[in-house]
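Residue numbers (my numbering): 41 to 246.
Note that the Cβ used here is the ideal one computed from N, Cα and C, for glycine as well.
Treat the numbers as computed from the prediction; the structure is a model and nothing was measured.
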Amino acid sequence: MYLTHIAAALANSSVRTLSQQEELPLLRDHLLRLDRTSRHDRFHGFMDDSFIERYAEKCANDGTTIIAFFENGVVRGAAELHPPDQSPDSLPEIAFSVESSVRRRGVGSILFRKLITEARAKGYKSLRITTGAQNEAMRALANKFGAQLVFRHGESTGTIDLTKQDQTELATTWADSTLNAARTVANMNRAYWRMLLRMYGGSRAA
Ligand SMILES: CC(C)(COP(=O)(O)OP(=O)(O)OC[C@H]1O[C@@H](n2cnc3c(N)ncnc32)[C@H](O)[C@@H]1OP(=O)(O)O)[C@@H](O)C(=O)NCCC(=O)NCCS
Numbered sequence: 041m042y043l044t045h046i047a048a049a050l051a052n053s054s055v056r057t058l059s060q061q062e063e064l065p066l067l068r069d070h071l072l073r074l075d076r077t078s079r080h081d082r083f084h085g086f087m088d089d090s091f092i093e094r095y096a097e098k099c100a101n102d103g104t105t106i107i108a109f110f111e112n113g114v115v116r117g118a119a120e121l122h123p124p125d126q127s128p129d130s131l132p133e134i135a136f137s138v139e140s141s142v143r144r145r146g147v148g149s150i151l152f153r154k155l156i157t158e159a160r161a162k163g164y165k166s167l168r169i170t171t172g173a174q175n176e177a178m179r180a181l182a183n184k185f186g187a188q189l190v191f192r193h194g195e196s197t198g199t200i201d202l203t204k205q206d207q208t209e210l211a212t213t214w215a216d217s218t219l220n221a222a223r224t225v226a227n228m229n230r231a232y233w234r235m236l237l238r239m240y241g242g243s244r245a246a
């Protein structure tokens with residue numbers, strides 16, 4: 041039952057890096073779909089559409105890597121890996137957003153895993169994450185990948201040491217197996233419906 045639930049969320053889904061200029065509208069439209077609370081959590085209080093449009097445009101031009109979760113061709117989640125030269129202590133900043141329709145189904149974890157792979161490929165040793173002090177969801181996600189968050193100036197901030205394999209690998213194995221299990225269940229469901237349609241003479245593709 042639980043796997044069927046996850047399968048419903050992850051069927052027809054994929055995760056990949058967006059090309060910077062051409063796919064800017066996909067990131068922008070995803071961020072614009074976030075509800076008020078999510079915008080507040082993601083942008084530390086900045087919530088209006090024009091801010092989000094300028095923000096997405098900046099990401100497309102400043103070397104930020106965007107890893108996107110697609111469901112039925114629509115971006116429903118994104119992980120951002122910002123270049124290190126943009127932060128005062130030269131640590132690459134990371135940020136996440138998942139639309140409420142697909143939350144708590146492992147999407148944030150899958151994006152986190154891909155982001156870590158990408159960051160390692162770029163040779164980064166450490167990442168910084170900053171989130172609102174009350175943001176339980178982001179704190180849980182960050183902790184799962186080994187972040188040590190401390191409370192500072194009304195925010196929770198911390199670093200992730202990419203040279204330490206164990207915590208992240210543990211979590212990523214979970215993310216992978218969840219996606220694989222979900223795909224298996226989704227395929228089984230498709231096969232089942234195809235079989236039913238054949239039995240009752242239906243012609244619609246399952
Ligand atoms: C934070 C966010 C990205 C999490 O995405 P998600 O797809 O729901 O994350 P996952 O399903 O992979 O969950 C990751 C872990 O966090 C936990 N978690 C998720 N939401 C939670 C919540 N509201 N409260 C407590 N724990 C939560 C999950 O239980 C899971 O832990 P587990 O694997 O041990 O069970 C999503 O809630 C979001 O986009 N929030 C709005 C934007 C935001 O706050 N961004 C952060 C600023 S950088």
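| message | Once the 5 residues before and after Leu189 are set aside, which same chain residues still bring their CB inside 8 Å of it? | response | Ile169, Thr171, Arg179, Ala182, Asn183, Ser196, Thr197, Gly198
| According to DSSP, residues forming a beta bridge with Thr77 | According to DSSP, which records beta bridges pairwise, Thr77 is partnered with nothing at all.
| request: Identify whether Val115 lies in helix, strand or coil by the three-state DSSP scheme. | output: strand
| said: If contacts are defined as beta-carbon pairs under 8 Å, then Lys154 and Val55 qualify, I think. What distance do you get, rounded to the angstrom? | reply: 6 Å
| said: Please classify Phe152 as buried or exposed, where buried requires at least 16 other C-beta atoms within 10 Å of its C-beta. | reply: buried
| task | List the endpoints of the continuous alpha helix (DSSP H) containing Glu97. | result | 89–101
| query | What does the shell around ligand 1 hold, if a residue joins when its beta-carbon is under 6 Å from any heavy atom? | reply | Ser78, Asp81, Arg82, Ala135, Phe136, Ser137, Val138, Arg143, Arg144, Arg145, Gly146, Val147, Gly148, Ser149, Thr171, Asn175, Glu176, Ala177, Met178, Ala180, Leu181, Lys184
| Can you give the beta carbon distance from Cys99 to Leu67, rounded, assuming they're within the 8 Å contact cut? | 6 Å
| query | What did DSSP end up calling Thr171 once you bin it into helix, strand or coil? | reply | strand
| For Leu189, the residue or residues it bridges with in DSSP | Gly198
| What's the C-alpha gap between Ile106 and Phe86? | 20 Å
| request: Could you spell out the range, first to last residue, of the beta strand (DSSP E) harbouring Phe136? | output: 133–138
| Of the listed residues Arg160, Arg192, Ala96, Thr77, nearest to Lys203 (C-alpha basis) | The question names Lys, but residue 203 in the sequence shown is Thr. Comparing Cα positions, the closest option is Arg160.
| message | Between the alpha carbons of Asp88 and Glu97, how many angstroms are there, rounded? | response | 15 Å
| field | Pick from Phe136, Asp81, Pro132, Asp129 that is closest to Ala118, judged by C-alpha positions | value | Phe136
| What do you get for Arg144, buried or exposed, if any count of 16 or more other CB atoms within 10 angstroms of its CB means buried? | exposed
| query | If you draw a straight line from the alpha carbon of Ser217 to that of Ala51, how long is it in whole angstroms? | reply | Here Ser217 scores only 44 on pLDDT, less than 50, and its place in the model should not be relied on; the value that follows carries that caveat. Each residue's Cα considered, the two are about 14 Å apart.
| request: Return the CA-CA distance between Glu176 and Ser78, expressed in angstroms with no decimal places. | output: 12 Å
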